[in-house]
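One structure below.
In the numbering used here, the protein residues as written are 831 to 1007.
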């Protein structure tokens, strides 16, 4: 008798057993090799899906990390620009104090230009902030979409696993009441 043949008792005539029935010694059920192969195929498919999902999440994390690096770099550049603007403002204030007596009209014009520059920079910073907020919102929406898709796939996978269990597990005979 091999591991794939049903148990045969000497006092009973030889007959095939139900693939889901327990062996006579009650240790392990006798299962058709095709069922074992199908179960292994399902397990490999599930593992493949989980690896695919994990790689998708890893790819999104890499993109998010890249965005974070870019945002940090942008923040560093903005800090450097702000420092330069502050240094420029301090330098201009010193020069304006020296030239104020002689060139009051030019100084007023320069102040107007500086105000325009600050307003322009403020406007650009607001635009940049808006773009960053938009990118963050879009990234959040993409992550929500990915989460929804992952949830849908997991539900589909769960229903398929349930179906495989229904196919593989023995049907219970109704209990008499």
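Ideal Cβ positions, reconstructed from N, Cα and C, are used throughout, including at glycine.
Measuring CB to CB, does residue 894 end up less than 8 Å from residue 969?
By 1-based counting over the chain shown, the position of residue 894 is 64. By 1-based counting over the chain shown, the position of residue 969 is 139. The answer is yes: Cβ separation under 8 Å.
Between residue 879 and residue 987, is the Cβ-Cβ spacing less than 8 Å?
Counting from one through the chain shown, the residue named residue 879 turns up at place 49. Counting from one through the chain shown, the residue named residue 987 turns up at place 157. Yes. Within cutoff.
Using DSSP with H/G/I as helix, E/B as strand and the rest coil, what is residue 934?
Taking the first residue of the chain shown as 1, we reach residue 934 at position 104. Three-state DSSP puts residue 934 in a helix.
Just the Cα atoms here: how many angstroms apart are residue 869 and residue 882?
Within the chain shown, residue 869 is the residue found at index 39, counting from 1. Within the chain shown, residue 882 is the residue found at index 52, counting from 1. Roughly 20 Å between the two C-alpha positions.
Starting from the C-beta of residue 901, find all residues in its chain whose C-beta is less than 8 Å away, skip the five residues before and the five after it, and write them out in chain order.
Taking the chain shown and counting its residues from 1, one reaches residue 901 at position 71. For residue 901, where only same-chain residues beyond five positions count, the Cβ hits under 8 Å are 962.
With a threshold of 16 other CB atoms inside 10 Å of the CB of residue 906, please say whether the residue is buried or exposed.
Counting from 1 along the chain shown, the entry for residue 906 is found at position 76. Residue 906 comes out exposed.
If you draw a straight line from the C-alpha of residue 873 to the C-alpha of residue 863, how long is it?
Locating residue 873 in the chain shown gives position 43, counting from the first residue. Locating residue 863 in the chain shown gives position 33, counting from the first residue. Looking at the two C-alpha atoms, the distance is approximately 15 Å.
Out of 995, 889, 909, 939, which has the shortest C-alpha to C-alpha gap to residue 973?
The residue given as residue 973 occupies position 143 in the chain shown. The shortest Cα separation from residue 973 among 995, 889, 909, 939 belongs to 889.
Which full runs of the alpha helix (DSSP H) of 4+ residues lie inside the stretch 914 to 1001, going along the chain?
Here the runs fully enclosed are 934 to 998.
My output table needs one value for residue 1005: the three-state DSSP class, helix, strand or coil.
Translated into the one-based positions of the chain shown, residue 1005 becomes position 175. The answer is coil: DSSP assigns residue 1005 none of H, G, I, E or B.
Could you have a look at residue 912 and say whether DSSP puts it in helix, strand or coil?
Position 82 of the chain shown holds residue 912. Helix, per DSSP.
Assuming residue 922 and residue 944 form a contact by the criterion Cβ under 8 Å, report the distance between their Cβ atoms to the nearest whole angstrom.
Along the chain shown, one-based indexing puts residue 922 at 92. Along the chain shown, one-based indexing puts residue 944 at 114. Contact holds; Cβ gap of about 7 Å.
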